[in-house]
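All residue numbers for the sequence shown refer to numbering that gives the first Met the number 0, where the first residue is 0 and numbers rise by one.
C-beta: ideal position from N, C-alpha, C; glycine also.
Please read all numbers here as calculations on a predicted model, not as lab measurements.
Reading through the structure tokens given below for one structure.
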Amino acid sequence: MARYKHIEVPKDGAPIKVKNKKLMVPDNPIIPVIEGDGIGRDIMKATRRVVDAAVEKAYKGKKKIAWMDVYAGENANRLYKEWMPQETFDAIQKYIVALKGPLTTPIGGGFRSLNVTLRQVLNLYACVRPVRYFQGVGSPVVHPEKLNVVIFRENTEDVYAGIEWKKGSADCKKVISWLNKTMKTNIRTDSGIGVKPISVTGTRRLVRKAILHAITRKLPSVTLVHKGNIMKFTEGFFRDIGYQVATKEFRSHVVTEDELWGKYKGKMPKGKILINDRIADSIFQQVLTRPDEYSVLATPNLNGDYLSDACAAQVGGLGMAPGANIGDYVGLFEATHGTAPKYADKDMVNPGSLILSAVMMLDYLGWDKAAVMIEKAIETTIKKKTVTYDLERQMKGAKKVSTSQYATHIIKNMR
Ligand code: NAP
């Protein structure tokens, strides 16, 4: 067993392992938990109770998660005098699957976001955001139930790679002068500059994950989202590599949109996955006007960032939107909202985003019985209109309950 300075490894748990490219999950897996700052304390408590109850009920005590607290953010700063200690990275890397609450990004002092750091250091290249509607939740659209998508957003490159030069800096001047002189561009000298790398490596592994997801879940389509009409060699390249991955690695599983019309006269052959692509601006109107035509969306970093929040808003907001950052094996499952400091320790906010992220985590472990049980219990709890303040204010005749009471209702509604 690894020795840590502050992390205590639970004695009643066993590590998840990777064997023959597959996760081997024991009945008592050790799962590192970053509680999170602000409302993290309330929602993590509620989430752990809900998950433990579902696992106990679904597997009649044969399975149990051995939670292992690991530290990041404010509590790490108190314990280690640093915001993101090395042993937190080490523990997540070693134990493979982890759950995380929101973290404050300290402002100033040259801090990078702790969240971005975690994704980069652990090479969690796919940000996965399922978006579905829960009956009864207030929504700005007429038919929110028609949207049921999973967004796979590339997490490591694009304009988020962090390659930027400040206007007027010596480096920025150097870059502009080199581009204008050598590459014959015409960039204004009072510009700031950012670089947008999109690679074969980054695109392939992301699109591969999206297609594999569609295959294992028997989903009908994977849509490559890009702005390739304008940015041909980055976004257009993403689309081209995406089609290559689909037709070279998954030939027997997929039909491209061209093939659908050219070869199959518009009628999808049974059991195949449609691979199509949509330009970024078009997909934003498509998810509003034809939401039920989309299933899995694979996108570069920036498009995915915008699109996942827009889709989440369509089904009732970020309070219910789960997410995960996944690499080859390591998966960090996290609430998509922030630390909402004004509500911290008030036992008030909606734990839904973190609970649904834990549902994704259970799914990732192959514990789908517990995952389905929680999702159904949330559906029932919302249908019965016992909800936290954020949902109550959008629902007629709802009863407002606290974070912990909401968790208790979910547990009671498990079947
Ligand atoms: P935020 O924490 O997401 O909160 C913004 C608003 O969203 C809240 O005031 C609340 O709206 C609503 N909200 C968020 N979580 C909710 C929940 N669980 N239940 C109900 N309503 C919820 O965004 P922020 O205030 O911009 O950011 C605060 C801190 O969080 C910052 O330090 C930021 O860096 C950090 N952050 C972390 C992550 C992460 O760890 N992944 C992500 C984003 C931001 P109402 O007041 O209208 O009810």
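Reference residue i, options the options, closest by Cα
i, options, result
"Met394", "Lys341, Leu223 and Gly315", "Gly315"
"Asn302", "Met319, Ser281 and Leu287", "Ser281"
"Ala297", "Ala320, Trp260, Ala334 and Arg238", "Arg238"
"Glu256", "Val221, Phe249, Gln285 and Thr233", "Val221"
"Leu353", "Ile15, Glu7 and Val32", "Val32"
"Ala320", "Val329, Leu331 and Asp308", "Asp308"
"Gly365", "Asn300, Phe232 and Val54", "Val54"
"Leu146", "Leu123, Ala97, Lys183 and Arg128", "Arg128"
"Ala160", "Ala279, Pro268 and Ile197", "Ile197"
"Ile278", "Val224, Arg131, Gly12 and Glu248", "Val224"
"Lys384", "Lys368, Tyr405 and Lys180", "Tyr405"
"Gly337", "Ile15, Ala45 and Gly72", "Gly72"
"His212", "Ile272, Arg392 and Thr46", "Ile272"
"Met431", "Ala13, Gly330 and Thr407", "The chain is shown from 0 up to 414; residue 431 falls before or after that span and cannot be answered."
"Lys341", "Asn275, Asp367 and Asp36", "Asp36"
"Gly193", "Ile175, Gly265, Ala125 and Asp344", "Ile175"
"Leu306", "Met267, Lys269 and Gln285", "Gln285"
"Val158", "Ile274, Gly318, Tyr79 and Thr233", "Thr233"
"Glu423", "Val69, Lys56, Leu287 and Ile274", "Since the first and last residues shown for the chain are 0 and 414, residue 423 lies out of range."
"Trp164", "Asp189, Lys398 and Arg207", "Asp189"
"Ala245", "Arg207, Leu287, Lys217 and Tyr263", "Arg207"
"Asp344", "Met43, His5 and Gly12", "Met43"
"Gly318", "Thr387, Leu287, Val254 and Ala397", "Thr387"
Alpha carbon of residue i to alpha carbon of residue j, nearest angstrom
i, j, result
"Val141", "Trp177", "52 angstroms"
"Met326", "Ala209", "Correcting the residue type first, residue 326 is Gly in the shown sequence and not Met. For Gly326 and Ala209, the distance between alpha carbons rounds to 12 angstroms."
"Ala339", "Ala65", "28 angstroms"
"Ile91", "Leu205", "21 angstroms"
"Asn185", "Gly191", "14 angstroms"
"Ala334", "Pro290", "24 angstroms"
"Asp89", "Asn324", "16 angstroms"
"Asn300", "Val120", "17 angstroms"
"Phe332", "Glu7", "21 angstroms"
"Tyr132", "Ser403", "23 angstroms"
"Lys247", "Asn122", "25 angstroms"
"Lys173", "Lys195", "18 angstroms"
"Tyr328", "Arg48", "26 angstroms"
"Lys10", "Ile95", "18 angstroms"
"Ala312", "Gly135", "15 angstroms"
"Ala369", "Ile229", "45 angstroms"
"Glu219", "Asp362", "What sits at residue 219 in the sequence shown is Pro, not Glu. Rounded to the nearest angstrom, the two C-alpha atoms are 20 angstroms apart."
"Leu355", "Val149", "13 angstroms"
"Val400", "Lys63", "28 angstroms"
"Leu259", "Gly265", "5 angstroms"
"Ile214", "Arg250", "12 angstroms"
"Tyr124", "Ile29", "23 angstroms"
"Met267", "Gly227", "26 angstroms"
"Met23", "Ala97", "15 angstroms"
"Lys269", "Ser294", "16 angstroms"
Chain B within 8 angstroms of residue i, Cβ atoms only
i, result
"Gly330", "Protein chain content of the structure displayed is limited to a single chain, and chain B is not contained in it."
Where are the alpha helix (DSSP H) runs, 4 residues long or more, that stay fully inside the region 64 to 95, in chain order? Taken in chain order, the complete alpha helix (DSSP H) segments of 4 or more residues contained in the region 64 to 95 are 73 to 79 and 85 to 94.
Residue list, Cβ distance to ligand 1 heavy atoms smaller than 5 angstroms: Those residues that bring their Cβ nearer than 5 angstroms to a heavy atom of ligand 1 are Pro101, Leu102, Thr103, Thr104, Asn114, Gly318, His336, Gly337, Thr338, Ala339, Val348, Asn349 and Asp389.
Just checking, does the region 17 to 25 make contact with the region 77 to 93 on the three C-beta pairs under 8 angstroms criterion? Contact annotation: the region 17 to 25 does not touch the region 77 to 93, with fewer than three C-beta pairs closer than 8 angstroms.
Would you be able to state if there are at least three C-beta pairs under 8 angstroms between the region 369 to 387 and the region 406 to 413? As far as the Cβ criterion goes, the region 406 to 413 touches the region 369 to 387, which means the pair count is three or higher.
Evaluate the contact criterion for the region 341 to 357 versus the region 150 to 162: three or more CB pairs, one atom per stretch, below 8 angstroms. Touching, no, given that fewer than three Cβ pairs across the two stretches are closer than 8 angstroms.
Hey, which unbroken runs of the alpha helix (DSSP H) at 4 residues or more fall wholly within the region 98 to 159? Considered as a whole, the region 98 to 159 harbours 113 to 120 as its complete alpha helix (DSSP H) runs of no fewer than 4 residues, in chain order.
With contact counted as at least three CB pairs below 8 angstroms, one residue from each stretch, are the region 111 to 128 and the region 88 to 102 in contact? Segments in contact, yes.
Is it the case that the region 192 to 203 contacts the region 236 to 255, given that we only count it when at least three CB pairs across the two stretches are under 8 angstroms? Yes: at least three Cβ pairs fall under 8 angstroms.
Which whole runs of the alpha helix (DSSP H) in the region 161 to 214 are 4 residues long or more, in chain order? Fully enclosed alpha helix (DSSP H) runs of no fewer than 4 residues occupy 169 to 181 of the region 161 to 214, in order along the chain.
Beta strand (DSSP E) segments (min. 3 residues) lying fully within the region 247 to 296: Entirely contained in the region 247 to 296, the beta strand (DSSP E) runs reaching 3 residues are, in chain order, 253 to 255 and 272 to 278.
Any chance you could list the alpha helix (DSSP H) runs of at least 4 consecutive residues sitting entirely within the region 350 to 384, in chain order? The qualifying runs are 351 to 364 and 367 to 382.
Alpha helix (DSSP H) segments (min. 4 residues) lying fully within the region 6 to 69: DSSP runs (the alpha helix (DSSP H)) wholly in the region 6 to 69: 39 to 58.
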